[in-house]
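A.B. asks:
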Amino acid sequence: MKILNYGNLAIVFILITSNILGQFYSYFLGIAFIFGLFIMPIYQLLAGFIWFMTSNRDERISLYFKGVFIFFFLELCNSGFHKIGNQKISEQISTILFPTIPIILAIYFTYILNQYSRK
């Protein structure tokens, strides 16, 4: 579990550093975009799935997976709502909810992984 924690912390560190450097050098924003949108969620889902299978269904990690599934369900509903013809409302929902929910899930996953790896 400590190896998974170090990998997660390295990804978070790269994401934060590239985001800060992106304010000065624009090509670092591409790195932050790729890490934030693809690498970090895939890594956290894979590590969470491994942890979920080996930890006898720990309540904290199952809560994380419930949050991930609810997020994808909301995104699917919002996509369907957008196709029906209510683009304005769908875009407002997207700008309010969808930037914050993945960040909260990533912070929660990092927190519970740090707590678990200390034991």
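Counting from 1 along the sequence shown, just add 9 to a position and that's the residue number in my numbering.
Even for Gly, the Cβ is constructed at its ideal location relative to N, Cα and C.
#1: Among Q53, S35, I40 and F33, which has the Cα closest to the Cα of I113?
#2: Rounded to whole angstroms, what is the Cα-Cα separation between M62 and I20?
#3: Would you be able to state if there are at least three C-beta pairs under 8 Å between the segment 74 to 85 and the segment 33 to 47?
#4: Check this for me: beta carbons of L18 and A56, under 8 Å apart or not?
#5: Thinking C-beta only, is P111 closer than 8 Å to F82?
#6: Quick check on T88: buried or exposed, where buried means 16 or more other Cβ atoms within 10 Å of its Cβ?
C.D. replies: Reading it off the structure:
#1: Of the candidates Q53, S35, I40 and F33, the one whose C-alpha sits nearest the C-alpha of I113 is Q53.
#2: Their Cα atoms are separated by approximately 22 Å.
#3: These segments do not touch.
#4: No Cβ-Cβ contact shorter than 8 Å links L18 with A56.
#5: Not in contact: F82 and P111 (Cβ atoms no closer than 8 Å).
#6: The displayed chain sequence assigns Ser, not Thr, to residue 88. With fewer than 16 Cβ atoms within 10 Å of its Cβ, S88 is classed as exposed.
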